[in-house]
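Engineer:
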Amino acid sequence: MEFPIELRNVSKAFGKFRAVDNLSFRVPRGVVFGLLGPNGAGKTTTIRMIMDITAPDSGEIHVLGQPMTRQTQNRIGYLPEERGLYRKMKVIDHLFFLAAIKSVDRESARKRIAEWADKMELRPWLNKKVDELSKGMQQKVQFIATIIHDPEVLILDEVFSGLDPINTALVKEYLADFRGRGKTIVFSTHVLEQADKLCDEICLLAKSRKILEGGLKDLKRRHAGDQLRLAIAATPAQVADLPGVRSSAALNGEFVVSLAPGTDRREFLRRALERHDVQAFSQREPELEEIYLAAVRDAGMEETRPIE
Amino acid sequence: MSWAKIFAVIRREYIERVRTKAFWFGTALIPIFFFAYIGIQIATSKSAGGQRRVAVVDAAGGLYEPLVKELADRENKARQDPEHHQNVHWILEKAPAGADLAKTKEALRHDVLEKRIDAYLVLDPKLIEKDRIEYYSTSVSEFVALTQLEQAVNHVLLRSRIGSRGLPSDVESDLERRADLKPFKVTKSGATEEKGAAFVTVLIFMVILYTTFLMYGMQNLKGVIDEKTNRIVEVVIASVRPTELMLGKIIGIGLVGLTQYLIWSLVAMNLSLPAIAGMLSTGDLGVPKIPISMVLYFVLFFVCGYFLYASVYTAIGAPFNTDQEAQQLAMIPMMFIVSVWAFFPVLMNNPNGGVAIFASLFPFTAPLAMFLRTSMGQPPGWQVALSIAILIASTIGIAWLAGRIYRVGILMYGKKPTIPEIVRWIRYRPGQVPQPAAREAS
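Chains S and Z supply the protein sequences, listed in that same order.
Take the first sequence: its position 125, counted from the start at 1, is 131 in the working numbering, and no numbers get skipped.
Take the second sequence: its position 339, counted from the start at 1, is 340 in the working numbering, and no numbers get skipped.
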């Protein structure tokens, strides 16, 4: 099927609080899908509903083409935000247990545990008890547990929270690898920079509602506006002096330039070349955060901050 | 329901628990405490032993020598036959029964205080007429030792009375004969002799039921709260349905309990093998016969009772984050279990009375009360049937209720939920969203 995960008009309330309000989105196969928004936007509730842990009040959720069943549950890897391990269990027994409840037979589990323990340099720890492991090691165990059954779809709730930079890089690498093998990844985060490099598609949530969705490249192109990146051998004053420049700012040895309305870019570039040595000239891609803030502004929910 | 997944949960629950040091310490220490307790009971009741130096003031005359002989005889008999519980070695000495009894007693009092003797016995004819023998000592609570002395003195007195009436001396053994009251239990299959051992068996079974409900019930509560505080539960719930997880945990913990009983009974059988062999060789099978009906009732009430209490404790544990928070509510089922012991005398003395009938129909006391009644008496068939029906229905009902509270409760962190909130969890229906029938197909 083309869309492994599909939500149609899903709503969920806890008492008087609407946690998710009429949410619809589709996750295409083989993409990294970011479910983004500030804390309390409804990300975890949405993910729990996808996982059939919480039931929606209304709306429909299809996972791998149908409402969640036992078979589909076995084809999904889920890393909840509230994740833990049985502290007194040996790491290897723990992984065997989590594989068994995903209906992985013992022999395949043994192979996969060995494979991933080597990849993540966890082998010396396999016979240790969980509470003898450092936090980072425990997170590796959790990540292996999430993928032990070679799932088609990965659902990761705040996967990077608490990870150190090395492990963050490691996990990003694996996610890229998974996507390369045609698997679908849904991950939520409230830290937009993390999503920026990683996502193919995003769905932005704020105050329980969807405010924006689509392909990230597409969104960036649409929100690109009139900002240009300019690498040029000139002083800030000289750049500001170029014809058509409304404002300019120096950034990392380059300039971000906004042109006055009605200014032709080709005309501007020609003038710049006449006066200075231009090394690079490109349309500046907006940061995800800028897109988010713009979307919030458009939705009339300005008080919502992206990062808390 | 996926039994493969439930089995995985059972397996984890069982292996991880049986591996803990706590399990083995408990398995080793509980019998030690148990036997120590019984030992102390026996010791305090039978522990006379040792020897007593007693001065005898034979004011009546002619009693001292027969008493010395009687005590020696009894001691000899006890040595050959342990049935005769004479284990105190009495060393008697004759105190001069002078004209002034008060003066003699005063002197002996000093002897006792200065520990030259342990006690002195006054055989005063005037007092004997009033069925009184006086014994003076610093310790007068040695019940068993005193009974032994009392029996010996009475024997001597009996013989002296027989002699004084001029009756033939072989009358004595006739006069000493006693008849025992043997209770027989009337059952439909005919009257069978009620052995004292049968009661002990019932009691042991009752203790097993009681401790299982209480201890292993409580283990369920702790297990649920542990999974919440460890934050593992959501990971597991993504693979196993909450009902499956709950069922797996209850069965796994129950099996741990059964393992403990199995270890104990294997050890007990090994220890008692020489005793059984001895009984076989003498042809005296003192092993209490356990009727098959009793075993069946035990299994039934064990399984139902355990599931009932395990479900209750699971439901109590699910909404809370610490043992302390759950403690208050956990007192309620505990009180039901303990109440059966409080009413134990009533149930024993009047097994068909109102209290007994109520206790054996009320599901929380039924496993213990009805088991007791079926083992000790013949409750009407309809009561047994009704009790079992109510018990099974409530077990299913409570398990269902627990499942609902569990499903919502295990994902609730933070503040302690209120009772109205918990009621809302029970009423909350996941099926509010119409789902195709394929949902449960597995």
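The beta-carbon is built from N, C-alpha and C at its ideal position, and this holds for glycine as well.
Note that this is a predicted model, so its numbers are computed, not measured.
Using the beta-carbon count (16 or more within 10 Å), is Z/L109 buried or exposed?
Structural biologist: Z/L109 is buried by the Cβ-count criterion.
Engineer: Taking 8 Å as the cut-off, does the segment 99-107 of chain S touch the segment 150-165 of chain S (at least 3 CB pairs, one atom from each stretch)?
Structural biologist: Yes, they touch.
Engineer: Using 8 Å as the threshold, is the C-beta distance between Z/K95 and Z/Y136 below it?
Structural biologist: Not closer than 8 Å, so no.
Engineer: Just to confirm, is the Cβ distance from S/Y84 to Z/N231 under 8 Å?
Structural biologist: It is not a contact, given that the beta carbons lie outside the stated cut-off.
Engineer: I'd like the span of the beta strand (DSSP E) that includes S/E260, first residue to last.
Structural biologist: Looking at the DSSP string, the run of the beta strand (DSSP E) that includes S/E260 is E260 to L265.
Engineer: Do you know offhand how far Z/T212's Cα is from Z/G258's?
Structural biologist: Each residue's alpha carbon lies about 10 Å from the other.
Engineer: When the cut-off is 8 Å and only beta carbons count, does Z/I333 lie next to chain S?
Structural biologist: It does not: the Cβ of Z/I333 has no partner Cβ on chain S nearer than 8 Å.
Engineer: Can you check whether the CB of S/V262 is closer than 8 Å to the CB of S/Q285?
Structural biologist: The answer is no: Cβ separation not under 8 Å.
Engineer: Mind listing the chain Z neighbours of S/K108? Cutoff is C-beta to C-beta under 8 Å, in chain order.
Structural biologist: What S/K108 touches in chain Z: S240.
Engineer: Determine which residues of the segment 59-79 of chain S have a Cβ less than 9 Å from any Cβ of chain Z, and write them out in chain order.
Structural biologist: The residues in question are I59, T60, A61, P62, D63, S64, G65, E66, I67, Q72, P73, M74, T75, R76, Q77 and Q79.
Engineer: Could you tell me how far apart the beta carbons of S/D58 and S/M74 are, in whole angstroms, since I believe they sit closer than 8 Å?
Structural biologist: With 8 Å as the limit, S/D58 and S/M74 qualify as a contact, their Cβ atoms being about 4 Å apart.
Engineer: Confirm, please, whether the CB-CB distance from S/S194 to S/D170 is below 8 Å.
Structural biologist: It is not a contact, given that the beta carbons lie outside the stated cut-off.
Engineer: Rounding to the nearest angstrom, what Cα-Cα distance links S/G90 and S/G142 in this structure?
Structural biologist: When rounded, the distance between both Cα atoms is 12 Å.
Engineer: What are the boundary residues of the alpha helix (DSSP H) that Z/F303 is part of?
Structural biologist: Note, Z/F303: alpha helix (DSSP H), I293 to G318.
Engineer: Can you list the alpha helix (DSSP H) stretches of 4 or more residues lying completely in the segment 28-65 of chain S, in chain order?
Structural biologist: Entirely contained in the segment 28-65 of chain S, the alpha helix (DSSP H) runs reaching 4 residues are, in chain order, 49-56.
Engineer: In chain S, what lies closer than 8 Å to Z/A9 by C-beta?
Structural biologist: Within chain S, the residues near Z/A9 are F103, A106 and I107.
Engineer: Does any C-beta atom of chain S lie closer than 8 Å to the C-beta of Z/L30?
Structural biologist: Not one chain S Cβ lies under 8 Å of Z/L30.
Engineer: Over the uninterrupted alpha helix (DSSP H) stretch that includes S/G21, give me the two end residues.
Structural biologist: Here S/G21 belongs to no alpha helix (DSSP H), and DSSP marks it neither H nor E.
Engineer: Tell me which residue opens and which closes the alpha helix (DSSP H) that Z/L402 is part of.
Structural biologist: From DSSP, the alpha helix (DSSP H) with Z/L402 extends over G382 to G410.
Engineer: Would you call the CB atoms of S/I98 and S/N45 closer than 8 Å?
Structural biologist: No, Cβ-Cβ distance for S/I98 and S/N45 is not below 8 Å.
Engineer: Mark Z/Q220 as exposed unless 16 or more other C-beta atoms lie within 10 angstroms of its C-beta, in which case mark it buried.
Structural biologist: Result: buried.
Engineer: Which residues in chain Z sit within 7 Å of S/K94, going by Cβ to Cβ distance?
Structural biologist: Under the 7 Å cutoff, chain Z gives E17.
Engineer: According to DSSP, is S/F287 helix, strand or coil?
Structural biologist: The answer is strand: DSSP assigns S/F287 an E or B state.
Engineer: Ignoring anything shorter than 4 residues, give me the alpha helix (DSSP H) runs that lie fully in the segment 18-103 of chain Z, in order along the chain.
Structural biologist: Counting only runs of 4 or more, we get 22-47 and 65-81.
Engineer: Determine the chain Z residues that contact S/E113 at a beta-carbon separation under 8 Å, and present them in chain order.
Structural biologist: The premise fails here: S/E113 is roughly 15 Å from chain Z at the closest Cβ pair, so nothing lies under 8 Å.
Engineer: Quick check on the burial criterion: 16 or more other C-beta atoms within 10 angstroms. Buried or exposed for Z/L182?
Structural biologist: It is exposed - the Cβ of Z/L182 has fewer than 16 other Cβ atoms within 10 Å.
Engineer: With DSSP as the reference, identify every bridge partner of S/K96, one or two as the case may be.
Structural biologist: According to DSSP, which records beta bridges pairwise, S/K96 is partnered with S/K135.
Engineer: Here's the rule: buried if 16 or more other CB atoms are within 10 angstroms of the residue's CB, otherwise exposed. What is S/K49?
Structural biologist: Per the 10 Å Cβ criterion, buried.
Engineer: Out of S/R185, S/I191, S/R290 and S/Q79, point me to the one whose CA is closest to S/L397's CA.
Structural biologist: Lying outside 7 to 314, the shown extent of chain S, residue 397 of chain S is not represented and no answer is given.
Engineer: Assign S/E8 to one of two classes, buried (16 or more other C-beta atoms within 10 Å of its C-beta) or exposed (fewer than that).
Structural biologist: Exposed is the call here.
Engineer: Could you tell me which chain S residues have their CB closer than 9 Å to the CB of Z/L412, listed as they occur along the chain?
Structural biologist: The answer, in chain order, is R54, I59, T60 and E88.
Engineer: Going by DSSP in three states, S/F149 sits in which element: helix, strand or coil?
Structural biologist: The answer is helix: DSSP assigns S/F149 an H, G or I state.
Engineer: In angstroms with no decimal places, state the Cα-to-Cα distance between Z/R374 and Z/P380.
Structural biologist: Spanning the two alpha carbons is a distance of roughly 6 Å.
Engineer: So, with DSSP's three-state summary, where would you put Z/S174?
Structural biologist: The answer is helix: DSSP assigns Z/S174 an H, G or I state.
Engineer: Measuring alpha carbon to alpha carbon, tell me which residue in Z/L309, Z/F214, Z/V141 and Z/N351 is nearest Z/L392.
Structural biologist: The residue with the shortest Cα to Cα distance from Z/L392 is Z/L309.
Engineer: Just verifying my parser: in three-state terms, what is the DSSP assignment at Z/M377?
Structural biologist: It is helical.
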